[in-house]
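Undergrad: A single structure is presented below for examination.
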Amino acid sequence: LVRFFNNPAKYLIQKRFGIKLEEMQLLSDERENFDLPPLERYLIGQNLVKNLVSGATLNDFKSIQKASGQLPHGNVGDYYYAEMTIEAQQFIGQIEKFSAAGSRDSITIDLDAAGFHLHGRLLSLSALGYIHLRYARRRVKDLLKAWIHHLIYCHAAPADYERSSYLICKDSAVQFEPVSDSLSILKDLLKLFWQGLEKPLHFFPKSSFEYADRLLKKSAG
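Each number in my numbering corresponds to the 1-based position in the sequence shown with 213 added.
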């Protein structure tokens, strides 16, 4: 459901028509690596935050990253790692109150809505609510994912669970308040999902977000 709303046209082409548009694969570079490309930096940063949250030591993780070839060799790799370590520790400081609040048991999802059967598990639950961490700049697709999960969470969470959700990124944080009619909204999304499996749905996440954001700011002003 999340993948569909991130790109309805792509989902229709791939899932209904069986057409997969492969992206061009770059040949591996046989030269010595003295730089850290953005994608590698993102992957290392994500793993670094996960290890810090789980209590792993920074030195142990550094050795693993160097052995995997993701970090450049020598002093260059040490420089990049030290820089990313500082950024990751600052991010951990931002989410400290959520980790300190204690965790909640995961929730099993098994429900019927609008002719669909939804099943799975909701993880990363805190005493403060449902926590989404993304160690990168916030994207529209992150908001969509967090919103859809939030609707399901509000419907399925036990009565003693805090029904707020949080999306925490490097550049911003968003809180979703409890939604009383979450199942009704979820059914509307599932109906749009069904429409999008029959013909292209005229929904473009980035431009839709920009339009809605400017419209709300204009009405508030």
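All C-beta atoms in this analysis are idealised placements derived from N, C-alpha and C, irrespective of residue type, glycine included.
Leaving out five residues before and five after Arg317 in sequence, what residues of the same chain have Cβ atoms less than 8 Å from its Cβ?
TA: Correct list, in chain order: Leu338, Ser339, Ala340 and Tyr374.
Undergrad: Looking at Leu429 and Ala326, is the spacing between their C-beta atoms short of 8 Å?
TA: In this structure, Leu429 does not lie closer than 8 Å to Ala326 by Cβ.
Undergrad: Which value, in whole angstroms, describes the spacing of the CA atoms of Gly231 and Arg216?
TA: Cα to Cα, the separation comes out at about 16 Å.
Undergrad: When you compare the stretch 300 to 314 with the stretch 377 to 384, are there three or more beta-carbon pairs, one atom per stretch, that lie closer than 8 Å?
TA: A contact exists between the stretch 300 to 314 and the stretch 377 to 384.
Undergrad: For Ile299, write down the residues that DSSP places opposite it in a beta bridge.
TA: DSSP output for Ile299 lists no bridge partner at all.
Undergrad: Which residue from Arg351, Leu335 and Phe417 puts its Cα closest to that of Ile365?
TA: Of the candidates Arg351, Leu335 and Phe417, the one whose C-alpha sits nearest the C-alpha of Ile365 is Leu335.
Undergrad: Given that a residue counts as buried once 16 or more other Cβ atoms are within 10 Å of its Cβ, and exposed if not, what is Leu399?
TA: Answer is buried; the Cβ neighbour count reaches 16.
Undergrad: If you reduce the DSSP assignment to three classes, tell me which class Asp273 lands in.
TA: Three-state DSSP puts Asp273 in a helix.
Undergrad: Give a yes or no on whether the C-beta atoms belonging to Ile301 and Val262 are separated by under 8 Å.
TA: Reading off the sequence, residue 301 comes out as Ala, not Ile. Yes, these two residues count as a Cβ contact at 8 Å.
Undergrad: Would you check if the stretch 344 to 361 and the stretch 384 to 391 touch, i.e. whether three or more CB-CB distances between them fall below 8 Å?
TA: The stretch 384 to 391 vs the stretch 344 to 361: in contact.
Undergrad: If you draw a straight line from the alpha carbon of Thr298 to that of Phe311, how long is it in whole angstroms?
TA: In a straight line, the C-alpha of Thr298 is about 20 Å away from that of Phe311.
Undergrad: Among Pro251, Cys367 and Phe329, whose alpha-carbon lies nearest the alpha-carbon of Leu403?
TA: Among Pro251, Cys367 and Phe329, the Cα nearest to that of Leu403 belongs to Phe329.
Undergrad: Where does the unbroken beta strand (DSSP E) through Phe389 begin, and where does it stop?
TA: From DSSP, the beta strand (DSSP E) with Phe389 extends over Ala386 to Phe389.
Undergrad: Alpha carbon to alpha carbon, how far is Phe422 from Leu225?
TA: About 21 Å.
Undergrad: Please report how far the alpha carbon of Ala271 lies from the alpha carbon of Arg254, in whole angstroms.
TA: Checking the displayed sequence, the identity of residue 271 turns out to be Leu instead of Ala. Rounded to whole angstroms, Leu271 to Arg254 spans 16 Å at the Cα level.
Undergrad: Does the beta-carbon of His362 have 16 or more other beta-carbons within 10 angstroms, so that it is buried, or is it exposed?
TA: Under this definition His362 is a buried residue.
Undergrad: What three-state label does DSSP hand Phe329 in the structure shown?
TA: Looking at Phe329 - three-state DSSP - the assignment turns out to be strand.
Undergrad: Can you tell me whether Gly258 is helix, strand or coil according to DSSP?
TA: Here Gly258 sits in helix by DSSP.
Undergrad: Rounded to the nearest angstrom, what separates Val392 and Gln303 at their Cα positions?
TA: So the alpha carbons of these two residues sit roughly 31 Å apart.
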